[in-house]
Amino acid sequence: MTDNFITVNSATHIQKLLSEDLTRVSLIYFWVPWAEQRERMDEVVLGLAKRYHMTLFLKVKAQELADITESFDIEAAPYFVILRGHTFLVRISGADEVALNQALETHARALDSPISIS
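Residue 120, in the working numbering, is where the sequence shown stops; the numbers in between run on with no holes.
Written as C-alpha cells, this is what we have:
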C-alpha cells in the first residue's frame with residue numbers, strides 16, 4: 003500500500019482528510035464489492051496512487067458509507083470524483099481507465115511529478 007491511498011471509515015474521516023490541504027488534488031473512489039470491475043479498478047487506483055504520490059486517493063465503500071455516497075450524488079459504482087480542496091474538477095462514472103488517467107494527468111500533474119514505476 004502507499005501512504006496517499008486511504009480507506010475512508012466515516013464522514014468525519016473524509017472531511018478531515020479533504021480539509022488538511024485545500025490545494026491538494028484528491029481522487030475519491032466509490033466502490034461496491036460485487037462490481038465486476040472492482041478488482042481491476044482497485045489495481046488501477048493503487049497504481050495511480052503510487053504514480054501520483056502528492057495526490058490523495060480515498061477509497062469509499064459506497065453502500066456502507068451512504069451519507070458520503072449521497073452527499074456526492076453517487077448512483078453507480080465504480081465512480082470517481084476528483085477534487086482540488088473542496089472544489090469539484092471531474093466526475094467519472096464506471097471503470098473508464100482512460101478517462102481516469104487523463105483526468106489525473108490534467109489536474110494532478112501541475113502539482114505532482116509522476117514517478118516512474120519499474
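Where is the CB? At the ideal position from N, CA and C, for every residue including glycine.
- Cβ-Cβ separation between Leu20 and Leu106: approximately 17 Å, too far for a contact (criterion under 8 Å).
- By the criterion of at least three beta-carbon pairs nearer than 8 Å, the stretch 75 to 92 is in contact with the stretch 21 to 37.
- Here Asn6 is not near Phe74, since their CB atoms are 7 Å or more apart.
- For Arg93, the enclosing beta strand (DSSP E) starts and ends at 89 to 95.
- In the three-state reduction of the DSSP assignment, Arg42 falls in the helix class.
- Residues Ile94 of the same chain have their beta carbon placed closer than 6 Å to that of Ala101, with the five preceding and five following residues left out of the count.
- Taking 7 Å as the cut-off, the beta carbon of Lys52 is found closer than this to the beta carbon of Thr4.
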